[in-house]
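> Handing you a structure now.
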Amino acid sequence: MQITFAQAGEGPPLVLLRGTTSDSRAWQPQLEGLSDEFTVVAWDGPRLNGSSRSESLRPSACVDYLAGFIRTLGLGRPHVLGLASGTALALELYRRYPDVPQSLVLAEAELPAGLPAIDIPTLLLYGDRNGRTPLDTARNLHARIPVSQLAVLPGLGKNGHVKAPDVFNAEVRSFLRSVRN
């Protein structure tokens, strides 16, 4: 399986996961804005942006590809940031490979069925104007993940990482620094 990706910077690794219809190009503001402190790796899942076609797009198959990708790049225990449906991939990675992620950032996460018991530092990142993933969802997840922090981005809806990258990146950076220290 050939996986394409974008990478920038040096430092502790941060792997970025988008949903199934977007690719690494959507992470340009994070590749530019966080690479001064982190090795930022935006993965293109199967069938995206030149990655090989996969027999299956089942979450379990994608997670196996992702875990292999992280191993192949020698990223050790990266921080993993999932956005929108990419949060499902991040959670499945943690469920199946709990020793891989050092921390999780779940941005615009929907409330998944069968949420795994999470015992690593987790940032929940939501805009306060996102109709698809409202703050009630964020508060519910925050209550169910004891080691989580909830950050609310005022005035933002969907795709806050593009609409207000400085604010989004500042929250991510602050959280990742707290995990390192």
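Heads up: the sequence shown begins at 1 in the UniProt record's numbering, then just goes up one per residue.
Where a beta carbon is used, it is the ideal one built from N, C-alpha and C, also for glycine.
1) Please confirm whether E108 and A138 have their CB atoms less than 7 Å apart.
2) Let's test the definition: count the other Cβ atoms within 10 Å of the Cβ of P146 and tell me whether it reaches 16, buried, or not, exposed.
3) Return the residue from the list S148, K163 and T39 that minimises the CA-CA distance to V179.
4) Can you check which of these residues, L153, P116 and L141, is closest to D128 by C-alpha distance?
5) L93 and V105 look like a contact to me (Cβ under 8 Å); what is the Cβ gap, rounded to whole Å?
6) First and last residue of the alpha helix (DSSP H) that includes S174?
7) When we look at the beta-carbon of L89 and count the other beta-carbons within 10 Å, is it buried (16 or more) or exposed?
8) Alpha carbon to alpha carbon, what distance is there between Q102 and A6?
9) Just verifying my parser: in three-state terms, what is the DSSP assignment at F38?
10) What is the C-beta distance between P12 and V41, in whole angstroms, given that I count them as a contact (C-beta under 8 Å)?
11) Thinking V100 and A67 are a contact (beta carbons under 8 Å), I'd like their distance in whole angstroms, please.
12) Go through its chain and collect everything with a Cβ distance to E37's Cβ below 6 Å, but skip five positions before and after it.
13) By the DSSP assignment, the beta strand (DSSP E) with Y97 in it spans what residues?
14) With burial defined as no fewer than 16 other Cβ atoms inside 10 Å of the residue's Cβ, what is the status of A26: buried or exposed?
15) How many Å lie between D166 and G157 at the Cα?
16) Can you list, in chain order, the residues of its chain with a C-beta nearer than 7 Å to that of F175? Leave out the 5 residues immediately preceding and following it.
17) Please name the residue, chosen from R96, L31, L73 and C62, that lies closest to G86 on a Cα-to-Cα basis.
18) Alpha carbon to alpha carbon, what distance is there between P116 and V172?
19) Give the DSSP bridge partners of Q30, in chain order.
Here's the rundown:
1) No; because the gap between Cβ atoms is not below 7 Å, this pair is not in contact.
2) By the neighbour-count criterion, in which 16 or more other beta carbons inside 10 Å mark a residue as buried, P146 falls on the exposed side.
3) Of the listed residues, the one whose Cα sits closest to V179 is S148.
4) It is L153.
5) With a Cβ gap of about 13 Å, L93 and V105 do not count as contacting.
6) It spans P165 to R180 - the alpha helix (DSSP H) in which S174 sits, taken as one unbroken run.
7) Buried, because 16 or more other Cβ atoms sit within 10 Å of the Cβ of L89.
8) When rounded, the distance between both Cα atoms is 21 Å.
9) In the structure shown, F38 sits in coil (DSSP, three-state: anything other than H, G, I, E or B).
10) Actually they do not touch by this definition, with Cβ atoms about 11 Å apart.
11) Between the beta-carbon of V100 and that of A67 there is about 6 Å, and that keeps the pair under the 8 Å contact cut.
12) For E37, where only same-chain residues beyond five positions count, the Cβ hits under 6 Å are G11.
13) Y97 -> no beta strand (DSSP E), and no H or E assigned at all.
14) The residue in question, A26, is buried, as its Cβ has 16 or more Cβ neighbours within 10 Å.
15) Roughly 15 Å between the two C-alpha positions.
16) Excluding positions up to five away in sequence, the list reads V105, L123 and Q149.
17) Comparing Cα positions, the closest option is C62.
18) Spanning the two alpha carbons is a distance of roughly 22 Å.
19) BP columns for Q30 are empty, so no partner.
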